[in-house]
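Working notes, beginning with the structure itself.
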Amino acid sequence: MSGPTGGSDLVTLGEVMVSLSANRIGPLRGARQLDVSAAGSEANVAIGVVRLGHSASWLSRLGADEFGELVRATLRGQGVTVCAAADPSAPTGLMVKERRTGDVGRVLYYRSGSAASRLGPADLPLALIESARILHVTGITPALSHSAADAVRHAVSVARAAGVTVSLDVNYRARLWDPSAAAVELRSLARQADLVFASADELAVVDADGDPERLLAEGVHTVVVTDGAKGAYSVTAAGVVRQPAFPVRVVDPVGAGDAFVAGYLAGLLDDLDEPARMRQAAAAAAICVSAEGDWEGLPTTAELTLVSSADGTVVR
Ligand code: KDG
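Under numbering that gives the first Met the number 0, the first residue of the sequence shown carries the number 0, and numbering increases by one thereafter.
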């Protein structure tokens, strides 16, 4: 499905890396096989929104290498429109997921100097942003480089000028940048967003007192705060909506936040009311973490009801 002008309902920008995941528990040095996929927070959201019946475009840069082609083919295979120049002089980024213990995973990044870190304002197809219904950005992209931060700022100002809803997932990655630089950048971005998604810990990154009400007073329409198994709540001028997490067996927690955002934004695109958006967001997150992979388990619209199926259900 295309947006009203043949563009996409949702446009997003950021890095997708090839992801290599250990398929057994223990230090990586003992790994004998690694599963190959591609992942990046913003593109995970794009895939989630497509599975829930909307169109999405992803803007970036990729290396002119086999990994770049893997990323391109993976996203296209999931129905996402890819607008990413192939850069012959920088590689596609890489991340490696280790299952250090049964309960603790670690992610290693090999993304410094990657093609996506060279993303800049000149890479942005402005008409695509202007014709979208939602521009979704995260706090990961501005952490990649000064030019990537410029690209995010430019995309947000173009979207705002065109009346496009701006969504920000704070997604604070401590390993990617200095906390004070992150606070300056993310506080400014949050105040230009209509919708801010933050984990309970990340709220303090965008507001010194971690106060959603203050973000509302400064122009944000909705602040959505997620707190893992404790659930989530959203704050708007109309009040607070609380949504408990659906109890599921967690197989792979990575990507939960992106799934939540995808469920919420698809609900926004479908004009669902706030409690229904929050419920759909929580359902998408619960179903996603019940499967391996950052995005592979994201539900289709028809699968959203799986979250209320009893343990051990076999659908025939
Ligand atoms: O939310 C999941 C993402 O974190 C993952 O897919 C990769 O974008 C990524 C990152 O920076 O870790």
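Note that the Cβ used here is the ideal one computed from N, Cα and C, for glycine as well.
All values derive from a computational prediction rather than experimental measurement.
Exercise. Per DSSP, what kind of secondary structure is residue 191 in: helix, strand or coil?
Worked result: Judged by DSSP in its simplified three-state form, residue 191 adopts coil rather than helix or strand.
Exercise. Is the beta carbon of residue 165 less than 8 Å from the beta carbon of residue 193?
Worked result: A distance below 8 Å separates the beta carbons of residue 165 and residue 193.
Exercise. When we look at the beta-carbon of residue 307 and count the other beta-carbons within 10 Å, is it buried (16 or more) or exposed?
Worked result: By the neighbour-count rule (16 or more Cβ atoms within 10 Å), residue 307 is not buried but exposed.
Exercise. What whole-angstrom Cβ distance do residue 271 and residue 50 have, given they're in contact under 8 Å?
Worked result: The pair is not a contact, with the Cβ atoms about 16 Å apart (cut-off 8 Å).
Problem set entry | Per-residue burial, residue 242 [other beta carbons within 10 Å of its own, 16 or more giving buried] | Buried: at least 16 other Cβ atoms inside 10 Å.
Problem set entry | For residue 255 and residue 215, the rounded distance between their alpha carbons | Cα to Cα, residue 215 sits roughly 25 Å from residue 255.
Exercise. Rounded to a whole number of angstroms, what is the C-alpha to C-alpha distance between residue 170 and residue 313?
Worked result: Looking at the two C-alpha atoms, the distance is approximately 35 Å.
For this session: Report yes if the CB atom of residue 122 is closer than 8 Å to the CB atom of residue 40, and no otherwise.
Result: Between residue 122 and residue 40, the CB-CB gap reaches or exceeds 8 Å.
Exercise. Mind checking whether the beta-carbon of residue 319 lies closer than 7 Å to any heavy atom of ligand 1?
Worked result: The requested residue 319 is not part of the displayed model; the chain covers only 0 to 315.
Problem set entry | Rounded straight-line distance, which links the Cα of residue 42 to that of residue 17 | Rounded to the nearest angstrom, the two C-alpha atoms are 12 Å apart.
For this session: Evaluate residue 97 with the Cβ neighbour count: other Cβ atoms within 10 Å of its Cβ, from every protein chain shown; 16 or more gives buried, anything less gives exposed.
Result: Buried, by the Cβ-count rule.
For this session: Pick helix, strand or coil for residue 304, following the three-state DSSP scheme.
Result: Looking at residue 304 - three-state DSSP - the assignment turns out to be helix.
For this session: Tell me whether residue 295 sits in a helix, a strand or coil according to DSSP, three-state version.
Result: Coil.
Exercise. In the DSSP assignment, what residue or residues form a beta bridge with residue 80?
Worked result: Under DSSP, residue 80 forms a beta bridge with 56.
Problem set entry | Cβ shell of residue 32 (< 7 Å), same chain only, five flanking positions each side left out | Cβ neighbours of residue 32 beyond the five flanking positions: 22.
For this session: Could you give the DSSP three-state label for residue 9: helix, strand or coil?
Result: Annotated three-state conformation of residue 9 is strand, per DSSP.
Exercise. Given that a residue counts as buried once 16 or more other Cβ atoms are within 10 Å of its Cβ, and exposed if not, what is residue 65?
Worked result: Note on residue 65: under 16 other CB atoms within 10 angstroms of its CB, so exposed under the neighbour-count rule.
Exercise. Just how far apart, CA to CA, sit residue 99 and residue 157?
Worked result: Cα to Cα, the separation comes out at about 43 Å.
Exercise. Just the Cα atoms here: how many angstroms apart are residue 28 and residue 267?
Worked result: Answer to the nearest angstrom: the Cα atoms are 44 Å apart.
Exercise. CA-CA distance, residue 139 and residue 284?
Worked result: Straight-line Cα distance between these residues: approximately 20 Å.
Problem set entry | Among 206, 287 and 237, the one whose alpha carbon lies nearest that of residue 179 | Ranking 206, 287 and 237 by Cα distance to residue 179 puts 206 first.
Problem set entry | residue 313 Cβ short of 7 Å to ligand 1 heavy atom set | The answer is no for residue 313.
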